[in-house]
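K.L.:
Protein chains in written order, with our numbering: chain A, 30 to 684; chain B, 401 to 674; chain C, 499 to 780.
Quick one: this structure, given as structure tokens, is what I'll be asking you about.
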Amino acid sequence: MANRSGEQRVIVIGGGLAGLSATARLVEQGLKVDLFSLVPVKRSHSVCAQGGINACNEIARQQGFSEWMHMDETLYGGDFLADQPPVYEMTHWAPKIIDLLDRMGVPFNRTSEGYRDLRLFGGSLFRRTHFSGATTGQQLLYALDEQVRRAEVDGNVTKYEFWEMLWPALEGEGDGRRCVGIVAQDMRTMQIRAFPAEAVVIATGGCGLIFGRSTNSVMCNGAAAARCYKAGAWYANGEFIQVHPTAIPGADKCRLMSESARGEGGRLWVPRQPGDTRDPRQIPEGERLYFLEEKYPKYGNLVPRDIASREIFDICVNQNMGIGGERMVYLDLTHKSREELDRKLKGILEIYEKFAGQDPREVPMKIFPAVHYSMGGLWTTYTREVREPDPIMDRDCGVDEVVGMKLGAPNTMMTNIAGLFALGEVSFAYHGATRLGANALLSCIFDGLFAGIGIKNYVAENTDRPAHSVNNTVFDDLIKREEQKMQRLIKTAQKGAGNPETNPYQIGREMGREMEGAATVVKFAGGLNPALEKIRELRERWSRVQLTDSGMWTNQNLSYTRALGDMLALAEVIVLGGVKREESRGSHYRTDFLKRDDARFLKTTVAEYEPETCSANIFYREVDAPMVKPRERSYGKSGDAKPAPEKEKQTAGAT
Amino acid sequence: MTEHQTPLSKHHFLLRRLHSLSGIVPIGAFLITHLITNSSIVWGKLGGAQHGGDGGMATFQHEVNFIHSMPFLLLIEVFGLWLPIAFHSVLGVYYATTGRGNVGSYRFQANWRYSLQRLTGYFGLIFIFYHVATLRWGWDFLPFTNVFIAEEAASTTALALRGGLEGGLIGGVVVGGVYLIGITALVYHFANGLWTAAITWGLTTSAAAQKRWGYVCAGLGAALMLAGWSAYVGFVTLDIDEARAVEAALHGPAEGARSANSDLSADAGRLERE
Amino acid sequence: MTTTQDQSSTNSGAASSEAAEKRTVRFRIQRCLGPNKPAHWEAFDVPILAGEGANVISCLQYIARRPITADGKETDPVVWDSGCLEEVCGACTMIVNGQVRQSCSCLIDNEAPNDGDVISLQPMSKFPVVRDLWVDRQRMFHNLKRAHAWTPIDGLHDRGAGPQETAKNQETRYIFSTCMTCGCCLEACPQFLLVDEPAKWDESFVGANTIGQVRLFNLHPTAKEEAGERLEVLMGPGGVSDCGNAQNCVKVCPKEIPLTEGIAAMGRATTVKAVKQFFTGE
């Protein structure tokens, strides 16, 4: 048993931007941190973010921009589903966060005078996006990784890399229930151990793996969040999954293709003859269907992201007109000159060249929408703080008082379980029904820095009942349970291909297909309900699952299978939330309920796990919207201040 | 960093840099002069015959005389050459054992040069030892040797390179082969070492500069290679009797200016020929 | 590079005209059950559909679903390490057909365009094997600690912007900052060898990536404060002078980081520091 010394330790699970910024903050607050990650933290999924990080800055401010407007854009982008005080706080901290990252040595692009350069990005007319080449996420992650490494050298952080969080350790009942540590497993030695802690921070990112192929990294399976959910934590807004319209489908995953390809004249088309297998270059103009241009003569290929995703989906899935019958359409740039393409799009074209093995300057690219980001996640709370509007930051806000989050409140970003905090993508906060481009990096780092102070205060409030005083049986029972779970799975191990019916990878594949088909771009009751049935069938099959590896050393087969069981629980939450939300809002688009329905559904979906039935109980909570009144989200339509192409470019390079 | 430092780890940087430096000065510098001196057997002909022969022999004798007239020659040799070479060799062999060449997997040009640098170092070390032992220290118990006599520089060198008096064709081929490979190896080792030294010391900090300096080193190496090979060819092809005549003329046969260590085998060789 | 790309484009052209052309690629995989266990080879046949974008990872996923060797023997699924699959996290680095690289960006249509082609997979040889293709690269992260690879900021509170920086300096730093600690440069380096014992890491060669990181941090106005400590490490055993200038690092770096320029720059910096130390005693 670790940490019986009485030292105050906090556990952080996940070493992406949220986990690392929380770790750095907690250490600064005088706490020791045990940092758990499935991968060396420097390899976390945050590295994949490319576009940039949004923040008001002095240039934009001089042109009329403000933190308030950044908040407004974020809420508008999220179709007003986000609780407003956290968004207020995040956008108002944003400039300070950029400064901090700058001090940490992030190589932000510079102007000729040596100031930080800015780029135009999603949902704004102002240059408010800071960037570091085409690898902003990587650069930010490394900067935080370095600070945490420094803390590690100082003895304030202990890293447990290649360790898998198995279960949160809870003690007490009802209001007294709290999280006092975790049980985790070393993925190499397979050792299962308990780690008591004064508080536990979950910062494990998204759950793209549930959808099979997504733009996420392979460890983004949502299992840690699912385990917290199964242990009693609420999971909110699960049905809101962002799908990026243009990704490069690969056999293993989908890689992002920035929308700037369309911004520079890229045209989407499929052969008019379904199943046409000719080389695209040999298909004459008249036999091509430029489906976006035909359907949307005004905006053509530059319709907003969600519409583009839906139309591509429609062409391939409903009309079965994808290239060669596959789920793919052409994104064609070959009519542009090589020189122009190289000048404007070299970086992204090289990515395509590298992973698709073809030169997009010569051959049209094959693309398809891909699951990209989960707006939903563990439900978290905060303490409101009512303030006077700031004359500069809230210029022209038009309200008498603003509501932010109280800094240092012990419940900041706490789940419904005391002592269990959720930060970053795994939290449902900030993004509402759709995330705005280049806001993800901001929300992750802000979460860690802001909530870190609250967590410190939570620990301080509970010094009278430290983790090392917790009855040992809490941990011993959990270890025993997890060992039994493991042994049960190991014992099913059967060499060879086994039965597809009970092969974990086969079950995982079927889950991915079902989820991608029913719960992403276009949803309707007729698709969602069968998906729910399918998930229940898969869960039943999972209970009879058979491993192929019986080894007790670095058994990835076991890890995956165990996670799969938990992913199925989240899959149910995602689908069930979708079934019940009978409206269209942001990324959640129901063909049977096309309108946004604020009266019924301007509410947070909350899923609570019922151990008796092993399924989700859905209820709703009011959205905390004290400042901005919901208005129609009408990107791209005439009369709106934000033209569609602008939106496209901005979301294009988003994380 | 660690508590228990060995002298090697304590002075790690200094030793590494001295190793690098010693390869250039004095060893490299000596290599240049040595090859220039030796190749005088060829380029000496440019001045034409003044003391008989083709001019090359006389020039070479002249050069050798100059060296051997230096005061404290032995001290200069010991501290200026033999010890630096020993230092460079011992450390070099030790450093070479800290790496494992992998040209089998990574067939890049620079990687080949890396492996060759170590290979030529090993061979060069053996060659230098053989060369100095036979021609300087007079270790005539080795096969195919002929002792070098400073006053009869060209003729004794020529004989040595032909595998001695009794070497015959085999001796000539063996010794000639060893010399040709040895010279080539050492010149390569020096030229490539000069290229890496510029990186080590931080003179060529850009890829372009490294490339440019590479051409300079390659040029220098080619010139030295030419000097070395032409010297070999010059000695192997020269007429030994003519050389003796030139040497005798230069020193004056009556003076009998033969040094004390002049040795019997040379006399024997002469007698035999007569 | 160009030849393989040419091949691939002709292949895919043929593929799309003849509809999905199927072929079989044989994977020879060096397997090992755990640290200090003997290695052995196993072969697996994987069906490939031309133009479907198969890469080494998708083939390993296929083998995981169906762990049966080419001669029909049932075996344990192959273990490997991977992350982003976009060549930006560095996790899936392994030796493919004798060359170190990220397996995610290794496309089968390029590497094995014909039916019956063989692809061999081995774990990196410079790091201890955990199991099969998965190696433990902790030493790389340890070396980052050795090299003080961080900016020593005062704290996380708001203190205004960081130092101004010229665009040129930023560009130089940026490229070194894209290093994903994948270890390709070390695998290909003849001077960087496997060191099993962590106690000996501090005396062993740091390798190109760490030297590059010293270059990166010594260029930053704030991080420069610890430049002396970093150079001290590079002047000690296992420092920059252990580089043998084989320059494989820069050839195999997937991010095309000018590692050899970093090494030369650190050669210069250590020279200057040594001379200063000699004359000033500092």
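Ideal Cβ positions, reconstructed from N, Cα and C, are used throughout, including at glycine.
These figures come from a predicted structure and were not determined experimentally.
Return the residues of the region 687 to 700 of chain C that lie within a Cβ-Cβ distance of less than 8 Å from chain B, sorted by chain order.
P.N.:
Pro-688, Gln-689, Leu-691, Asp-700
K.L.:
With a threshold of 8 Å between beta carbons, is A/Met-434 in contact with chain C?
P.N.:
By 1-based counting over the first sequence, the position of residue 434 of chain A is 405. Cβ-Cβ to chain C under 8 Å: no for A/Met-434.
K.L.:
Do we get a CB-CB distance below 8 Å when we pair A/Lys-61 with the residues of chain C?
P.N.:
As a position in the first sequence, residue 61 of chain A is number 32, starting the count at 1. Not one chain C Cβ lies under 8 Å of A/Lys-61.
K.L.:
Thinking just about the alpha-carbon of each residue, which of A/Gly-295, A/Arg-157, A/Ser-66, A/Pro-278 is nearest to the one in A/Gly-234?
P.N.:
What you label residue 234 of chain A is simply residue 205 of the first sequence in a count that begins at 1. Closest option to A/Gly-234, Cα to Cα, is A/Ser-66.
K.L.:
At 8 Å on the CB atoms, spell out the chain C contacts of B/His-589, in chain order.
P.N.:
Sequence index remark: in the second sequence, residue 589 of chain B carries index 189 (1-based). Here the premise fails: no neighbours, minimum Cβ distance about 13 Å.
K.L.:
From which residue to which residue does the beta strand (DSSP E) around A/Met-394 run?
P.N.:
Working through the first sequence from its first residue, we reach residue 394 of chain A at position 365. Taken as a continuous stretch (DSSP letters only), the beta strand (DSSP E) holding A/Met-394 covers 394 to 403.
K.L.:
Need the endpoints of the beta strand (DSSP E) that A/Asn-86 sits in, please.
P.N.:
The residue you call residue 86 of chain A lines up with position 57 of the first sequence. From DSSP, A/Asn-86 is part of no beta strand (DSSP E); its letter is neither H nor E.
K.L.:
Quick check: A/Leu-370 and A/Val-177, are their CB atoms within less than 8 Å of each other?
P.N.:
On the first sequence, position 341 is the one that residue 370 of chain A refers to. On the first sequence, position 148 is the one that residue 177 of chain A refers to. Going by C-beta atoms, A/Leu-370 is not nearer than 8 Å to A/Val-177.
K.L.:
Nearest-angstrom Cα distance between C/Asp-630 and A/Glu-379?
P.N.:
What you label residue 630 of chain C is simply residue 132 of the third sequence in a count that begins at 1. What you label residue 379 of chain A is simply residue 350 of the first sequence in a count that begins at 1. Cα to Cα, the separation comes out at about 32 Å.
K.L.:
Whole angstroms are fine: how far does the CA of B/Leu-594 sit from the CA of B/Val-636?
P.N.:
Taking the first residue of the second sequence as 1, we reach residue 636 of chain B at position 236. Taking the first residue of the second sequence as 1, we reach residue 594 of chain B at position 194. Cα to Cα, B/Val-636 sits roughly 30 Å from B/Leu-594.
K.L.:
Between A/His-497, A/Gln-271, A/Pro-439, which lies nearest to A/Arg-38 when the distance is taken from Cα to Cα?
P.N.:
Residue mapping note: residue 38 of chain A aligns to position 9 of the first sequence, counting from 1. Selected option, being the one with the closest Cα: A/His-497.
K.L.:
Taking beta-carbon pairs under 7 Å, can you tell me which members of the region 483 to 513 of chain B lie near chain C?
P.N.:
Thr-498, Gly-499, Arg-500, Gly-501, Asn-502, Ser-505, Tyr-506, Phe-508, Ala-510, Asn-511
K.L.:
Under a three-way DSSP split, which group does A/Tyr-589 fall into?
P.N.:
For the purposes of this step, residue 589 of chain A is identified with residue 560 of the first sequence, where counting begins at 1. If DSSP states are grouped into helix, strand and coil, A/Tyr-589 belongs with the helices.
K.L.:
Does DSSP classify A/Gln-113 as helix, strand or coil?
P.N.:
The residue given as residue 113 of chain A occupies position 84 in the first sequence. Helix at A/Gln-113.
K.L.:
Closer than 6 Å by C-beta to A/Ser-579: which residues in its own chain qualify, once you throw out the five before and the five after it? Chain order, please.
P.N.:
In the first sequence, the residue the question calls residue 579 of chain A occupies position 550. Result list for A/Ser-579: Ile-519, Ala-522, in chain order.
K.L.:
Check the Cβ of C/Arg-766 against every Cβ in chain B and list those closer than 9 Å, keeping chain order.
P.N.:
Start at 1 with the first residue of the third sequence, and residue 766 of chain C comes out as number 268. Correct list: Trp-601, Gly-602, Leu-603, Thr-605.
K.L.:
Where does B/Asp-663 sit, in a helix, a strand or coil, going by DSSP?
P.N.:
Along the second sequence, read from residue 1 onward, the residue named residue 663 of chain B stands at position 263. Unreliable placement is indicated for B/Asp-663, whose pLDDT of 42 sits below 50; no coordinate value is reported for it.
K.L.:
Which chain C residues are close to B/Phe-413, counting only those with a beta carbon under 8 Å from its beta carbon?
P.N.:
In the second sequence, counting from the first residue as 1, residue 413 of chain B sits at position 13. Residues of chain C passing the Cβ test: Met-733, Gly-734, Gly-737, Ser-739, Thr-768, Ala-772.
K.L.:
I'd like to know whether the C-beta atoms of A/Tyr-589 and A/Pro-533 end up nearer to each other than 8 Å.
P.N.:
Within the first sequence, numbered from 1, the residue matching residue 589 of chain A stands at position 560. Within the first sequence, numbered from 1, the residue matching residue 533 of chain A stands at position 504. Contact: yes.
K.L.:
Answer with yes or no whether the minimum CB distance from C/His-538 to chain A is below 8 Å.
P.N.:
In the third sequence, counting from the first residue as 1, residue 538 of chain C sits at position 40. So no, C/His-538 is outside the interface.
K.L.:
Secondary structure at A/Leu-436, three-state DSSP: helix, strand or coil?
P.N.:
Within the first sequence, the letter at position 407 stands for residue 436 of chain A. Looking at A/Leu-436 - three-state DSSP - the assignment turns out to be coil, as it is neither helix nor strand.
K.L.:
Can you check whether the C-beta of C/Gly-614 is within less than 8 Å of a C-beta belonging to chain B?
P.N.:
Numbered from 1 along the third sequence, position 116 holds the residue referred to as residue 614 of chain C. So no, C/Gly-614 is outside the interface.
K.L.:
For a cutoff of 8 Å on Cβ pairs, would you count C/Glu-780 as touching chain B?
P.N.:
Here residue 780 of chain C refers to the residue found at position 282 of the third sequence. Judged by the 8 Å Cβ criterion, C/Glu-780 is not in contact with chain B.
K.L.:
For the beta strand (DSSP E) containing A/His-273, name the first residue and the last one.
P.N.:
As a working mapping, residue 273 of chain A is identified with position 244 in the first sequence. Element bounds for A/His-273: 270 to 278.
K.L.:
Given this structure, state the Cα-to-Cα distance separating A/Asp-429 from A/Tyr-638, to the nearest angstrom.
P.N.:
As a first step, residue 429 of chain A is located in the first sequence; it is residue number 400 there, counting from the start. As a first step, residue 638 of chain A is located in the first sequence; it is residue number 609 there, counting from the start. The straight-line gap separating the alpha-carbon atoms of A/Asp-429 and A/Tyr-638 is approximately 40 Å.
K.L.:
Quick check: is the beta carbon of C/Gln-505 nearer than 8 Å to any beta carbon in chain B?
P.N.:
Reading the third sequence from its first residue, position 7 is the one you call residue 505 of chain C. Legend: pLDDT at C/Gln-505 = 36, less than 50; position of this residue unreliable, no value from coordinates given.
K.L.:
Beta strand (DSSP E) containing A/Gly-210: first to last residue?
P.N.:
Walking along the first sequence from the start, residue 210 of chain A turns up at place 181. Here the beta strand (DSSP E) through A/Gly-210 covers 207 to 215.
K.L.:
Kindly indicate the opening and closing residues of the beta strand (DSSP E) around A/Phe-224.
P.N.:
On the first sequence, residue 224 of chain A is found 195 positions in, with the first residue counted as 1. Its beta strand (DSSP E) spans residues 221 to 225.
K.L.:
Return no unless some Cβ of chain B is closer than 8 Å to the Cβ of C/Thr-758.
P.N.:
Walking along the third sequence from the start, residue 758 of chain C turns up at place 260. Cβ-Cβ to chain B under 8 Å: yes for C/Thr-758.
K.L.:
What separation, rounded to the nearest whole angstrom, lies between the Cα atoms of B/Tyr-495 and B/Ala-618?
P.N.:
One-based indexing of the second sequence puts residue 495 of chain B at position 95. One-based indexing of the second sequence puts residue 618 of chain B at position 218. Rounded to the nearest angstrom, the two C-alpha atoms are 24 Å apart.
K.L.:
Could you work out which residues of chain B lie near C/Asn-746, taking near to mean beta carbons separated by less than 7 Å?
P.N.:
Mapped onto the third sequence, residue 746 of chain C falls at position 248. Simply Tyr-506, Phe-508, Asn-511.
K.L.:
Taking 8 Å as the cut-off, does the region 115 to 127 of chain A touch the region 89 to 105 of chain A (at least 3 CB pairs, one atom from each stretch)?
P.N.:
yes
K.L.:
Strictly below 8 Å CB to CB, what residues from chain C border B/Ser-409?
P.N.:
Position 9 of the second sequence, counted from the first residue, corresponds to residue 409 of chain B. Within chain C, the residues near B/Ser-409 are Glu-701, Gly-734, Pro-735.
K.L.:
So, with DSSP's three-state summary, where would you put C/Leu-654?
P.N.:
Stepping through the third sequence from its first residue, residue 654 of chain C is reached at position 156. Residue state, collapsed to three classes: coil.
K.L.:
List the residues of chain C that A/Met-133 touches, going by C-beta distances under 7 Å, in chain order.
P.N.:
Along the first sequence, one-based indexing puts residue 133 of chain A at 104. The contacting residues are Thr-649, Ile-651.
K.L.:
I believe A/Tyr-359 touches A/Trp-408 by the beta-carbon criterion, under 8 Å. Please report the beta-carbon distance rounded to the nearest angstrom.
P.N.:
The residue labelled residue 359 of chain A in the question sits at position 330 within the first sequence. The residue labelled residue 408 of chain A in the question sits at position 379 within the first sequence. With a Cβ gap of about 41 Å, A/Tyr-359 and A/Trp-408 do not count as contacting.
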